[in-house]
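Trainee:
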Amino acid sequence: MIATPAARPKIMILNGPNLNLLGVREPQTYGTTTLADIEELCRETAQSLDVAIDFRQSNHEGQIIDWIQEARESADGIILNPAGFTSTSIAILDALLASDLPVIEVHITNIHRREAFRHLSYVSKAATAIIAGAGPHGYQLAITHMSKLSATS
Ligand code: CA2
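Residues in the sequence shown are numbered from 9 upward in steps of one, following the working numbering.
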């Protein structure tokens, strides 16, 4: 009998408000890489690790919460750059905790070297791992780590 190959692990990658402006505004802070470039980097990394990704961005808190709830049914892990919702959204924290999935929090910049109001992250309370300050490469690091978590669970 020929065994059915196991389905590839699927990672939902969510991006919060204003990240659609990456590469277009404030390059001195966020660099010149666009969100489309980051998605492409993520696709290359995912392909090399044989994992599937679902890459999304929204400026709306409720939309991100709906996607986290969707991930519970459709994904094996969540990579999230909560952007401006990092320090404000208990609702996103609650959705992540309810998802019961591994969560990796990514920030392009090192939030701890920036203004004090960026240092608090509610999301970190639900995060398995946190990557900050690695630029767009942080997303690739997160996919690599998530694929290891999926392989061992
Ligand atoms: O470093 C990160 O990835 C952040 O999550 C980015 C957020 C910021 O609020 C967090 O403190 C750290 C901001 C995302 C907005 O991105 C922009 C990109 C270009 C121009 C303006 C905003």
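For each residue, glycine too, the CB sits at the ideal point set by N, CA and C.
From a predicted model like this one, the values you see are computed outputs, not experimental measurements.
Am I right that alanine 83 and leucine 109 are in contact with their C-beta atoms under 8 Å? What's the rounded C-beta distance?
Mentor: Within the sequence shown, numbered from 1, the residue matching residue 83 stands at position 75. Within the sequence shown, numbered from 1, the residue matching residue 109 stands at position 101. Contact flag correct, Cβ pair sits at about 7 Å.
Trainee: I want to know whether the segment 140-155 touches the segment 82-96 - three or more CB-CB distances under 8 Å.
Mentor: yes
Trainee: Does the distance between the C-beta of serine 132 and the nearest non-hydrogen atom of the ligand CA2 fall short of 8 Å?
Mentor: One-based indexing of the sequence shown puts residue 132 at position 124. Flag unset: Cβ of serine 132 not near the ligand CA2.
Trainee: Can you tell me the Cβ-Cβ gap for asparagine 26 and asparagine 89, rounded? I've got them flagged as a contact below 8 Å.
Mentor: Position 18 of the sequence shown, counted from the first residue, corresponds to residue 26. Position 81 of the sequence shown, counted from the first residue, corresponds to residue 89. With 8 Å as the limit, asparagine 26 and asparagine 89 do not qualify as a contact, their Cβ atoms being about 11 Å apart.
Trainee: Is it true that the CB of leucine 104 sits closer than 9 Å to the CB of isoleucine 76?
Mentor: Taking the sequence shown and counting its residues from 1, one reaches residue 76 at position 68. Taking the sequence shown and counting its residues from 1, one reaches residue 104 at position 96. Closer than 9 Å, so yes.
Trainee: Closer than 6 Å is what we want: which residues have a beta carbon that near any heavy atom of the ligand CA2? List them in chain order.
Mentor: Asn26, Leu27, Leu29, Leu30, Arg33, Glu34, Tyr38, Asn89, Ala91, Gly92, Thr94, His115, Ile116, Thr117, Ile119 and Arg126
Trainee: Assuming glycine 22 and leucine 30 are in contact, meaning their beta carbons sit under 8 Å apart, how far apart are those beta carbons, in whole angstroms?
Mentor: Position 14 of the sequence shown, counted from the start, is the residue given in the question as residue 22. Position 22 of the sequence shown, counted from the start, is the residue given in the question as residue 30. Here residue 22 turns out to be leucine, not glycine, going by the sequence shown. So it is not a contact: roughly 14 Å between Cβ atoms.
Trainee: Taking the CB atoms as reference points, tell me whether isoleucine 112 and alanine 137 lie closer together than 9 Å.
Mentor: Indexing the sequence shown from 1 puts residue 112 at position 104. Indexing the sequence shown from 1 puts residue 137 at position 129. Judged by beta-carbon spacing, alanine 137 lies within the 9 Å limit of isoleucine 112, meaning their Cβ atoms are closer than that value.
Trainee: According to DSSP, is arginine 122 helix, strand or coil?
Mentor: Within the sequence shown, the letter at position 114 stands for residue 122. Looking at arginine 122 - three-state DSSP - the assignment turns out to be coil, as it is neither helix nor strand.
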